[in-house]
Amino acid sequence: MTSDIGDIKHAARLLEAGKLVAFPTETVYGLGADASNPEAVAAIFAAKGRPSNHPLIVHVAHGADLNRWTRQLPAEAIRLATAFWPGPLTMILPRAAVVPAAVAGGQDTIGLRCPSHPIARTLLAEFYGGQGGIAGPSANRFGRVSPTTAQHVIDEFGLPGAGPVAAVLDGGQSNVGIESTIVDLTRLASLGPVLLRPGQISATQIAEVLGRLPSVPDAAAPRVSGSLNAHYAPRTHLALVTAKEIDSLMRQLEGADRRFALMYRSVPATASTGLIAAEIMPSDPDAYAHQLYACLRALDTSGADLIIVECPPLEDAWQGINDRLRRAAFDSAGVLDRLLAR
Ligand code: TXA
Ligand code: MG
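Counting in the working numbering, the sequence shown runs from 207 upward without gaps.
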């Protein structure tokens, strides 16, 4: 059931007391803690099992004074914030000295995002009267699929109060469905804006605001756990294949007595005794992203040996989706040979 204003105010008090609160955003659910409280921040890393050198995003209220968080606010940041906030964009900026290093995983920078989900906005307005920052990674265990419903969060961490999370605010299914676009603005002079993680806000949209396309990360780019090759992974192995390859792969798996699930768009699933679950995906990229993680979670619990995913198109609007699917499939390299060996 959707959380009401009483639940949100209570959650703000819990955060102020140093507790962890999961909250909905338009991208995915976040696991929130007071960004200025190092112990609360440490509890996030412990709950997620996330290495403590992986920086967290700090969520701020709409219209918040960004100079509290950054020691330098370039014109590019103001332009991007004006164009896309509140919304699914995170900006990496030079960290102000007063911001605890722990929240930034020890880096000299800080990731800032102003979410648009009404419950996140109300929570941020309530939390220290709109002056605080809520550190919030996605509310999943490290390396796993991000949650897009309150139930997903409970599946990850248990019921509120019974595990590490004191409260879970419920705001329905996240609208965007994949994590925010991350743009690094800390090396503008040498590299210009750098796209660290693609999301619904595309490189083209960023170029429309900044007058230049963001570049892709180089070796010196800051650590982004979402950019680890194996990330966003279901427990079941996942194979990303073209539409043309699906039928023959299904026949081969069937011949090896394997059970498999299918996530497809263009090809109708031909009947197969091995096919035990299927999700038909939308042809619109925003609708696809909206459903992606819920579908992966559903297929992950089907008992399949393999999830076969039809490769989405490669256009700009599909970049965030392709990025997440490639990472989800990464650990599965070589798994097909094993599954087909009899
Ligand atoms: O949509 C989102 O961004 C969601 C919602 C909850 O806001 N949050 C999210 O957080 O995806 P998380 O921690 O799962 O992913 C944030 C990514 C991480 O890969 C982290 O390494 C990167 O942002 N990040 C955060 N601060 C950074 C910094 N100072 N420098 C480089 N990367 C940073
Ligand atoms: Mg995450």
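Positions of the beta carbon are idealized from the N, C-alpha and C atoms, including for glycine.
Excluding five sequence positions before and after L262, the CB atoms of its chain that fall closer than 6 Å to its own CB belong to V309, A341 and P343, given in chain order.
Q313 has its CB nearer than 8 Å to a heavy atom of the ligand TXA.
The closest heavy atom of the ligand TXA lies 8 Å or more from the beta carbon of R277. Every unbroken stretch of the beta strand (DSSP E) spanning 3 or more residues and falling wholly within the segment 223-265 is given here in chain order: 227-229, 236-240 and 263-265. Annotation for I388 indicates a beta carbon within 8 Å of some heavy atom of the ligand TXA. Runs of the alpha helix (DSSP H) lying entirely within the segment 309-366, each at least 4 residues long, are 324-332 and 356-363 in chain order.
Ranking I325, E521 and R503 by CA distance to the CA of A484 puts R503 first. In this structure, P491 lies near E521, with their beta-carbon atoms less than 9 Å apart. In this structure, T288 lies away from I388, with their beta-carbon atoms at least 9 Å apart. In this structure, the C-beta of S352 approaches the ligand MG to less than 8 Å from one of its heavy atoms.
The bridge partners DSSP lists for R301 are T276.
Contact annotation: P366 and A228 have beta-carbon atoms nearer than 9 Å. Looking at the DSSP output, I513 sits in a beta bridge with L444 and A467. Beta bridge pairing from DSSP links S421 with V400. In the structure shown, I486 falls within a strand segment according to DSSP collapsed to helix, strand and coil. By the 16-neighbour rule on beta-carbons within 10 angstroms, I298 is buried.
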